[in-house]
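In this note's numbering, the protein residues as written are 2 to 93.
Data block below; observations after.
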């Protein structure tokens, strides 16, 4: 499996975890649904492998991490996973 395929799989897995928080979406101003949309966009971008697309996906995933940062104390495992995705993206 290529590194890009591994990253796409990791994003899908992360999306599944984020979906578990949809109950709170209205309480956090739609943050959960926005994050899910951004993650799906990132997967789509990565399916077309170019340096520009890798950078765009990285920016989007970093944005999700930034948006979720106030909540990482509640879900530290998710913070670890998104950081891992970002580190892998930086190697491309």
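Note that the Cβ used here is the ideal one computed from N, Cα and C, for glycine as well.
Being a predicted model, the structure only gives us computed values, none of them experimental.
Query, Result
"For residue 49, which of helix, strand or coil comes out of DSSP?", "coil"
"Within the same chain, show all residues whose beta-carbon is closer than 8 Å to that of residue 51, passing over the 5 residues directly before and after it, in chain order.", "none"
"On the three-pair Cβ rule with 8 Å, is the segment 42-49 touching the segment 24-32?", "no"
"So residue 79 is in the alpha helix (DSSP H); what residue range does that whole segment cover?", "77-91"
"Between residue 34 and residue 12, is the Cβ-Cβ spacing less than 9 Å?", "no"
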